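Chains A and B, in that order, are what the protein sequence lines are. Heads up, the first sequence is in my numbering, so the first residue is 2 and it goes up one at a time. Heads up, the second sequence is in my numbering, so the first residue is 6 and it goes up one at a time. Yeah, the Cβ is synthetic: ideal placement off N, Cα and C, and Gly gets one too. Quick caveat, the model's predicted, so the values are computed rather than measured. Inspection log for the structure reproduced underneath, given as structure tokens.
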Amino acid sequence: EDQVTQSPEALRLQEGESSSLNCSYTVSGLRGLFWYRQDPGKGPEFLFTLYSAGEEKEKERLKATLTKKESFLHITAPKPEDSATYLCAGLDSSYKLIFGSGTRLLVRP
Amino acid sequence: NAGVTQTPKFQVLKTGQSMTLQCAQDMNHNSMYWYRQDPGMGLRLIYYSASEGTTDKGEVPNGYNVSRLNKREFSLRLESAAPSQTSVYFCASSRDLRETQYFGPGTRLLVL
Numbered sequence: 002e003d004q005v006t007q008s009p010e011a012l013r014l015q016e017g018e019s020s021s022l023n024c025s026y027t028v029s030g031l032r033g034l035f036w037y038r039q040d041p042g043k044g045p046e047f048l049f050t051l052y053s054a055g056e057e058k059e060k061e062r063l064k065a066t067l068t069k070k071e072s073f074l075h076i077t078a079p080k081p082e083d084s085a086t087y088l089c090a091g092l093d094s095s096y097k098l099i100f101g102s103g104t105r106l107l108v109r110p
Numbered sequence: 006n007a008g009v010t011q012t013p014k015f016q017v018l019k020t021g022q023s024m025t026l027q028c029a030q031d032m033n034h035n036s037m038y039w040y041r042q043d044p045g046m047g048l049r050l051i052y053y054s055a056s057e058g059t060t061d062k063g064e065v066p067n068g069y070n071v072s073r074l075n076k077r078e079f080s081l082r083l084e085s086a087a088p089s090q091t092s093v094y095f096c097a098s099s100r101d102l103r104e105t106q107y108f109g110p111g112t113r114l115l116v117l
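Below you can see the structure in the form of structure tokens.
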């Protein structure tokens with residue numbers, strides 16, 4: 002069965018303290034790995050798509066990487082405004098997105 | 006460009022009542038989706054429409070029906086609401102099934 006698992010469930014960082022969020026996946030025929038950011042009471046906001054192992058994408062303080070079994074979202078020198086839930090999802094062979102349950106990130110000033 | 010819009014934002018229903026959640030997109034996307042999000046669980050696909058005129062079941066379709074009214078609009082209907090359908094419902098759209106999905110702001114539904 003296709004599955005996406007995110008860890009940790011919650012992460013507290015001090016402003017400026019870099020860290021990584023993990024997304025491990027077992028999705029047959031993976032057609033893409035997506036990262037979204039979700040603020041409380043809002044819909045998911047698209048961040049990145051990765052298509053093949055070794056691919057990396059960056060946006061401001063965020064960098065997403067992909068291996069054959071997992072993806073990482075690296076956050077460099079985070080700011081309080083980076084506090085949100087980060088969702089990872091794999092697009093399966095029938096083009097359906099399989100979501101993980103998310104990592105809640107809190108960045109303290 | 007409003008993107009994906011959903012109405013209503015919040016709704017309270019009694020068990021057995023029916024309602025329709027509305028979704029519209031102005032990005033000229035072909036594919037549209039309905040998800041539900043429950044605490045501690047990932048978003049789960051209820052139904053999707055690959056293109057105008059087609060609809061298919063997702064992971065959790067029981068208790069729901071959908072209508073792809075035209076290219077812009079995709080509605081989700083609960084015929085007889087149950088407490089287990091208390092959730093946050095998100096609509097999304099994409100250029101086609103392979104492309105990035107863009108989400109609406111959600112509808113919070115409470116079934117008493």
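Practice task
Give me the Cβ distance between valine 116(B) and leucine 18(B), rounded to the nearest whole Å; I'm assuming they're in contact under 8 Å.
Solution key: One-based indexing of the second sequence puts residue 116(B) at position 111. One-based indexing of the second sequence puts residue 18(B) at position 13. Sure, about 5 Å apart at Cβ, within 8 Å.
Handout entry: Neighbourhood of phenylalanine 100(A) by C-beta, 8 Å cutoff - its chain only, sequence neighbours within 5 removed
Key = Against the first sequence, residue 100(A) aligns to sequence position 99. Cβ within range, chain order: Val5, Leu88, Cys89 and Ala90.
Problem - Neighbourhood of glycine 33(A) by C-beta, 6 Å cutoff - its chain only, sequence neighbours within 5 removed - result: Here residue 33(A) corresponds to residue number 32 of the first sequence, with the count starting at 1. Thr50, Tyr52 and Leu92, listed in sequence order.
Practice task
Return the chain-ordered list of same chain residues with a C-beta closer than 6 Å to the C-beta of leucine 26(B), the five sequence neighbours on each side being excluded.
Solution key: Indexing the second sequence from 1 puts residue 26(B) at position 21. Closer than 6 Å at Cβ, skipping near neighbours: Leu81, Tyr94 and Thr112.
Exercise for the section: Answer with yes or no whether the minimum CB distance from serine 102(A) to chain B is below 8 Å. Expected result: Sequence index remark: in the first sequence, residue 102(A) carries index 101 (1-based). So yes, serine 102(A) belongs to the interface.
Exercise for the section: Take serine 95(A) as the anchor and find which of Val71(B), Arg41(B), Trp39(B) and Lys62(B) has the nearest alpha-carbon. Expected result: What you label residue 95(A) is simply residue 94 of the first sequence in a count that begins at 1. Of the candidates Val71(B), Arg41(B), Trp39(B) and Lys62(B), Lys62(B) places its Cα closest to the Cα of serine 95(A).
Practice task
With distances taken Cα to Cα, identify the nearest neighbour of asparagine 35(B) among Val71(B), Tyr53(B) and Pro110(B).
Solution key: The residue labelled residue 35(B) in the question sits at position 30 within the second sequence. Nearest of Val71(B), Tyr53(B) and Pro110(B) to asparagine 35(B), Cα basis: Tyr53(B).
Handout entry: Within the region 43 to 110 of chain A, ranges of the beta strand (DSSP E) (whole runs, at least 3 residues)
Key = Segments of the beta strand (DSSP E) lying fully in the region 43 to 110 of chain A: 46 to 51, 57 to 60, 63 to 67, 71 to 76, 85 to 92, 98 to 100 and 104 to 109.
Problem - Positions along the region 75 to 102 of chain A whose CB lies within less than 8 Å of some CB in chain B - result: Result list: Leu88, Ala90, Leu92, Tyr96, Lys97, Leu98, Ile99, Phe100, Gly101 and Ser102.
Problem - Through-space distance from valine 65(B) to serine 56(B), alpha-carbon basis - result: Along the second sequence, one-based indexing puts residue 56(B) at 51. Along the second sequence, one-based indexing puts residue 65(B) at 60. Approximately 20 Å between the Cα atoms of the pair.
Handout entry: Reference asparagine 23(A); option with closest CA among Pro41(A), Thr66(A) and Pro81(A)
Key = As a working note, residue 23(A) is residue 22 in the first sequence. When each option's Cα is compared against that of asparagine 23(A), the closest is Thr66(A).
Handout entry: Top-ranked residue by Cα proximity to methionine 24(B), from Ser99(B), Tyr69(B), Gln106(B) and Gly58(B)
Key = Start at 1 with the first residue of the second sequence, and residue 24(B) comes out as number 19. Ranking the options by Cα distance to methionine 24(B), first place goes to Tyr69(B).
Practice task
Within the same chain, show all residues whose beta-carbon is closer than 7 Å to that of aspartate 40(A), passing over the 5 residues directly before and after it, in chain order.
Solution key: The count along the first sequence starts at 1 and reaches residue 40(A) at position 39. Excluding sequence neighbours, aspartate 40(A) sits near Ala85.
Problem - Min CB distance methionine 32(B) to chain A below 8 Å - result: Against the second sequence, residue 32(B) aligns to sequence position 27. It does not: the Cβ of methionine 32(B) has no partner Cβ on chain A nearer than 8 Å.
Practice task
Could you tell me the distance, in whole angstroms, from the CA atom of lysine 1(A) to the CA atom of glutamate 78(B)?
Solution key: This structure gives no information on residue 1(A), because the portion of chain A shown stretches from 2 to 110.
Problem - Cβ neighbours of alanine 78(A) in the same chain (closer than 7 Å, five flanking residues each side left out) - result: What you label residue 78(A) is simply residue 77 of the first sequence in a count that begins at 1. A distance below 7 Å between beta-carbons, with the five flanking residues on each side excluded, links alanine 78(A) to the following residues of its chain, in chain order: Gly17, Ser19 and Arg62.
Exercise for the section: Using only alpha-carbon positions, find the residue among Met46(B), Thr59(B), Asp43(B) and Leu74(B) that is nearest to aspartate 101(B). Expected result: Residue mapping note: residue 101(B) aligns to position 96 of the second sequence, counting from 1. For aspartate 101(B), the closest of Met46(B), Thr59(B), Asp43(B) and Leu74(B) by C-alpha to C-alpha distance is Thr59(B).
Problem - Backbone CA spacing between arginine 38(A) and tyrosine 26(A) [nearest angstrom] - result: Looking up residue 38(A) in the first sequence gives position 37. Looking up residue 26(A) in the first sequence gives position 25. The C-alpha of tyrosine 26(A) is placed about 18 Å away from the C-alpha of arginine 38(A).
Exercise for the section: Report the neighbours of glycine 63(B) on chain A: residues whose CB is nearer than 8 Å to its CB, in chain order. Expected result: Translated into positions along the second sequence, residue 63(B) becomes position 58. Simply Lys97.
Problem - Helix, strand or coil at serine 23(B) according to DSSP, with G and I counted as helix - result: Taking the first residue of the second sequence as position 1, residue 23(B) is located at position 18. It is coil, neither helix nor strand.
Practice task
Could you name the residues of the region 35 to 65 of chain A whose beta carbon sits closer than 9 Å to any beta carbon of chain B, in the order they occur along the chain?
Solution key: Of all residues in the region 35 to 65 of chain A, Phe35, Tyr37, Gln39, Gly42, Lys43, Gly44, Pro45, Glu46, Phe47 and Thr50 have a Cβ within less than 9 Å of some Cβ in chain B.
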